[in-house]
Structure formats: C-alpha cells, structure tokens
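J.: Quick mapping for you: the protein sequence lines, in order, are chains A and B. Here the first sequence is numbered in this note's numbering, starting from 1 and rising by one per residue. Here the second sequence is numbered in this note's numbering, starting from 1001 and rising by one per residue. Cβ atoms here follow ideal geometry from the backbone N, Cα and C, with glycine treated the same way. My questions will all concern the structure given below.
Protein chains: 2
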Amino acid sequence: MKHPNKHDLLVLLTEFENACRKADLKVTHQRLEIFRELAQAHDHPSAEMLYNRIIKRLPTISLDTVYRTLATLEKHGLITRVQTLESQARFEAEMIRHHHAVCRKCGAITDFSWNTFDEVQVPAELSGWGRITKRNAILEGICNDCVKGN
Amino acid sequence: MKHPNKHDLLVLLTEFENACRKADLKVTHQRLEIFRELAQAHDHPSAEMLYNRIIKRLPTISLDTVYRTLATLEKHGLITRVQTLESQARFEAEMIRHHHAVCRKCGAITDFSWNTFDEVQVPAELSGWGRITKRNAILEGICNDCVKGN
DNA sequence: TCATAAGTAGTAATAATTATTATTTACAGA
DNA sequence: TCTGTAAATAATAATTATTACTACTTATGA
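Structural data, given as structure tokens:
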C-alpha cells in the first residue's frame, strides 16, 4: 500500500464525507482530521499515535474524541481495526482487500495483497460454521530491519 | 479441535513438565494447573477466565500469577496468544497448526485446519520482507448460534 | 536436609479505554 | 441567513486490563 497522493486524498475525503452523510454521521472537523490522518498513514497507527499527530494541527482535540471517532467509523465500516498481539488497538483506512505481515520484534505491520489466497476455497470443515464475511491472512516473523538490527 | 481425553491430557502434562525443565522453568503446582486448564479448554480463554476456573481448585492462586505464567509460557513457545479484536488477550495450548474463525457478534473463536492454505505460496511481493515464521488465516463472520439467535 | 534462586500472593501502580457532563457545533427547516 | 435541536466534543473522572513491587514460599540440586 502506498501513500495516497494529494488528488487521491481529496477523493478519499469526499467519499468519506458522502459516506458519513449516508450513515447519518455529522461531518465534523474532528472526524475529517482523524480520517485524513489515518488515510495518509501507512503504519496502522493506534488511537494515541493518531492523537499525537492530529493535536499539532488541532490543538484542542481530546484523546477521547479520537477513541470515540475511531469506534464510530469502525462501526460504520469506514475504517478497520487491525488484529494484533499487542494491548493497544491499531487501525487502518485501507479498504481494498489485503493482508498483513507482522514483525514480532518491532510490531510493524506491512500490507500486501495475495490473490492466490483470496481464491482458495474454505475447508469443508467450516461449512456449518455460519456466515463468513471476511478472510485475512496474517504472516508473522521478523522484518528485514530487525534481522539486520541484530 | 477436540477436548483432550484423560490419557491425552496426561501425555500433554508430562510433555509440559519436560518442556519446563528443558527451559529451566520450575514445575510449580500453579503452572501445571494453568496449563492443564488451558489444555482442556476449547474456548481460547482470557487470563481472567482461566483464573475464575482455576481458583475453584486452587483457592489461593492470584490473577497476577495467571498473567505472569501465561506470559512466561508464551515466551517459551508452550502456549500461544491469540490475535483478537477485543482488548482482553486470549490464549490457547493447541500447538498443531490451525486457523481461527471468529464470530464478530459473540467473539467465539473456532479452530480449524486448512491444508490448501498452508501450502499456498507466499506472494513475491513479500520476498524482501524478512523471515516469515508463521502464517495464519482468520475468517470473520457470524457464527451459526448468532445467526439463529437473531 | 538444607541453601538458594526462582516463583508466588497480596497489594499497589500503570496503561488503555470508556463514561459522564456541561458546552459547542452541524445542519434541517423557517 | 438565522435558529432550534440533536449530535458531537472537551475536560475530567472512572473502569478495565495488565504489570510492578515486596515479603514470603517452594522447587530443585548439592
């Protein structure tokens, strides 16, 4: 996943505004800034990381608002909460189907696409489980930086 | 994954004791009970859930010991911390390669095996990422109980 | 059996997240 | 454009999950 460029970001923000209106969510300055920051980020930030970045431009925003907004946006499917092994929750705005490689040393999360996995059939064992809405692969290991760093 | 029967459990516990000695971990009553409870469980319990179950048999155990022990056993690869979307960490003792289906309504985690996934080649995009040590599939959806429950 | 280092219980502290409440804001309708 | 109102926010307090500290206890090897 790459950073969105200036044009893409504008498109994303416009789409975001429309999605908010559709979901009966007021388009507040705070929500826009939080979404913008998350859409620009490439490191799956936590609520606290986002707060520390946003407060530079929006000095009165509260950490609570960041938490609340992330929860709201997640509920409406506008952002995603990323599964981690850490206690802090992390988020992403990338909605295109993708998967994660997680470094268990530094915690970095890298996005990648994996078509062959996307197309593998779910095992018969699960046919009676329920309704599956999403599938994700998580690869764990040590990223190059951490391998070298040793 | 099925419950281990009485015989399997004994084998597991013996293996556990050996693994502890190998790792220079003292074989304490508490560690045995925590591992036993986790090995018998089929619901990927949290530290608190385990504590509530164990305290019935071992009334003096502390929650801190459960947390500390789980962290120790995880560090030595004797148990696994399961990735979830919740804030509470959850654990499992199952060491055979398997994957998880998670109900996003009730949070239940179901184990399943998926050989075709295990054998799919990792995408070229990731060849420079680092050293991959583990791969997991996570399916998300609504389990049958929750579908019916509506 | 005994020494000792590791482990535990009990308690206190910290980190992450959520709730409460008074104030402010977005936005639909006049 | 102005205004009323429900929704959202900021500030603060409270909870929840986890970890740290300390004095006591126990597993293990000599």
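Is residue 1131 of chain B close to chain A? Criterion is C-beta to C-beta, closer than 8 Å.
T.: Position 131 of the second sequence, counting from 1, holds the residue named residue 1131 of chain B. It does; some Cβ of chain A falls within 8 Å.
J.: For residue 1001 of chain B, which residues of its own chain have a beta-carbon under 6 Å away from its beta-carbon, when the five flanking residues on both sides are left out?
T.: Start at 1 with the first residue of the second sequence, and residue 1001 of chain B comes out as number 1. Summary for residue 1001 of chain B: the model assigns pLDDT 48, below 50, so the residue's position carries little reliability, and this model does not support an answer.
J.: Measure the CB-CB distance between residue 1139 of chain B and residue 138 of chain A and report whether it falls below 8 Å.
T.: Translated into the one-based positions of the second sequence, residue 1139 of chain B becomes position 139. Translated into the one-based positions of the first sequence, residue 138 of chain A becomes position 138. No.
J.: Can you tell me the Cα-Cα spacing of residue 1041 of chain B and residue 1092 of chain B, whole angstroms?
T.: Stepping through the second sequence from its first residue, residue 1041 of chain B is reached at position 41. Stepping through the second sequence from its first residue, residue 1092 of chain B is reached at position 92. The alpha-carbon atoms of residue 1041 of chain B and residue 1092 of chain B are separated by roughly 8 Å.
J.: As an exercise, report each continuous beta strand (DSSP E) stretch of at least 3 residues that is fully enclosed by the stretch 1002 to 1084 of chain B, in chain order.
T.: Whole beta strand (DSSP E) segments, 3+ residues: 1080 to 1082.
J.: Using the beta-carbon count (16 or more within 10 Å), is residue 78 of chain A buried or exposed?
T.: In the first sequence, residue 78 of chain A corresponds to position 78, counting from 1. Under this definition residue 78 of chain A is a buried residue.
J.: Excluding the 5 residues flanking residue 20 of chain A on each side, which residues of the same chain have their C-beta closer than 6 Å to its C-beta?
T.: Here residue 20 of chain A refers to the residue found at position 20 of the first sequence. Taken in chain order, the residues that qualify are 27.
J.: Against residue 1126 of chain B, what residues of chain A qualify as contacts under a CB-to-CB distance less than 9 Å, listed in chain order?
T.: Counting from 1 along the second sequence, the entry for residue 1126 of chain B is found at position 126. Simply 101, 110, 112, 114, 139.
J.: By how many angstroms is the C-alpha of residue 52 of chain A removed from the C-alpha of residue 85 of chain A?
T.: The residue given as residue 85 of chain A occupies position 85 in the first sequence. The residue given as residue 52 of chain A occupies position 52 in the first sequence. Approximately 22 Å, taken between the alpha carbons.
J.: By the three-class DSSP mapping on this structure, what secondary structure does residue 124 of chain A have?
T.: What you label residue 124 of chain A is simply residue 124 of the first sequence in a count that begins at 1. Correct three-state label for residue 124 of chain A: helix.
J.: Out of A:5, A:6, A:46, A:127, which has the shortest C-alpha to C-alpha gap to residue 80 of chain A?
T.: Here residue 80 of chain A refers to the residue found at position 80 of the first sequence. Measuring from the Cα of residue 80 of chain A, the nearest candidate turns out to be A:46.
J.: For the candidate residues A:60, A:74, A:76, A:50, whose alpha-carbon lies nearest to that of residue 66 of chain A?
T.: Within the first sequence, the letter at position 66 stands for residue 66 of chain A. If we check each option's Cα against that of residue 66 of chain A, A:50 comes out closest.
J.: Beta strand (DSSP E) containing residue 1103 of chain B: first to last residue?
T.: Residue mapping note: residue 1103 of chain B aligns to position 103 of the second sequence, counting from 1. From DSSP, the beta strand (DSSP E) with residue 1103 of chain B extends over 1099 to 1103.
J.: Given this structure, state the Cα-to-Cα distance separating residue 99 of chain A from residue 120 of chain A, to the nearest angstrom.
T.: Working through the first sequence from its first residue, we reach residue 99 of chain A at position 99. Working through the first sequence from its first residue, we reach residue 120 of chain A at position 120. Those two C-alpha atoms are separated by around 14 Å.
J.: Compare the Cα-Cα distances from residue 1023 of chain B to each of B:1008, B:1072, B:1035, B:1009 and report the closest residue.
T.: Taking the first residue of the second sequence as position 1, residue 1023 of chain B is located at position 23. Minimum Cα distance to residue 1023 of chain B is reached at B:1072.
J.: For residue 1089 of chain B, count neighbouring Cβ atoms within 10 angstroms of its own Cβ and tell me buried if that reaches 16, exposed if not.
T.: As a position in the second sequence, residue 1089 of chain B is number 89, starting the count at 1. Buried.
J.: What residue does the alpha helix (DSSP H) around residue 119 of chain A start on, and which one ends it?
T.: In the first sequence, the residue the question calls residue 119 of chain A occupies position 119. Residues 115 to 119.
J.: If residue 1076 of chain B and residue 1009 of chain B are in contact, beta carbons under 8 Å, what's the gap, nearest whole angstrom?
T.: Within the second sequence, numbered from 1, the residue matching residue 1076 of chain B stands at position 76. Within the second sequence, numbered from 1, the residue matching residue 1009 of chain B stands at position 9. That belief does not hold up - the Cβ atoms of residue 1076 of chain B and residue 1009 of chain B are roughly 20 Å apart, past 8 Å.
J.: With distances taken from CA atoms, which of A:7, A:29, A:122 is nearest residue 62 of chain A?
T.: Taking the first sequence and counting its residues from 1, the one referred to as residue 62 of chain A is at position 62. Taking only the C-alpha atoms, the option nearest residue 62 of chain A is A:29.
J.: What does the alpha-carbon distance come out to for the pair residue 1117 of chain B and residue 60 of chain A?
T.: Position 117 of the second sequence, counted from the start, is the residue given in the question as residue 1117 of chain B. Position 60 of the first sequence, counted from the start, is the residue given in the question as residue 60 of chain A. Answer to the nearest angstrom: the Cα atoms are 48 Å apart.
J.: Mapping DSSP to helix, strand and coil, what is residue 1146 of chain B?
T.: As a working mapping, residue 1146 of chain B is identified with position 146 in the second sequence. Reduced to three states, the DSSP call for residue 1146 of chain B is helix.
J.: Please look up how many angstroms separate the CB atoms of residue 1154 of chain B and residue 123 of chain A, rounded, as I've assumed it's under 8 Å.
T.: Since the displayed chain B opens at 1001 and closes at 1150, residue 1154 of chain B lies outside it and no answer follows.
J.: Enumerate in chain order the residues of its own chain whose CB-to-CB distance from residue 146 of chain A is below 7 Å, with the five nearest sequence positions on each side excluded.
T.: Indexing the first sequence from 1 puts residue 146 of chain A at position 146. For residue 146 of chain A, where only same-chain residues beyond five positions count, the Cβ hits under 7 Å are 103, 105, 106.
J.: Pull the bridge partners of residue 154 of chain A from the DSSP assignment, please.
T.: The displayed coordinates of chain A run from 1 to 150. Any statement about residue 154 of chain A would go beyond what the structure contains.
J.: Leaving out five residues on either side along the sequence, give the residues of the same chain with a beta carbon under 8 Å from the beta carbon of residue 97 of chain A.
T.: If you number the first sequence from 1, residue 97 of chain A lands on position 97. The residues are 113, 118.
J.: In the DSSP assignment, what are the bridge partners of residue 110 of chain A?
T.: The residue labelled residue 110 of chain A in the question sits at position 110 within the first sequence. According to DSSP, residue 110 of chain A bridges with A:101.
J.: Using C-beta distances below 7 Å, list every residue in its chain close to residue 39 of chain A, excluding the 5 sequence neighbours before and after it, in chain order.
T.: In the first sequence, the residue the question calls residue 39 of chain A occupies position 39. Taken in chain order, the residues that qualify are 4, 9, 12, 93.
J.: If we cut at 8 Å on Cβ distances, does residue 95 of chain A have a partner in chain B?
T.: In the first sequence, residue 95 of chain A corresponds to position 95, counting from 1. No, residue 95 of chain A lies away from the interface with chain B (no Cβ there is under 8 Å from its Cβ).
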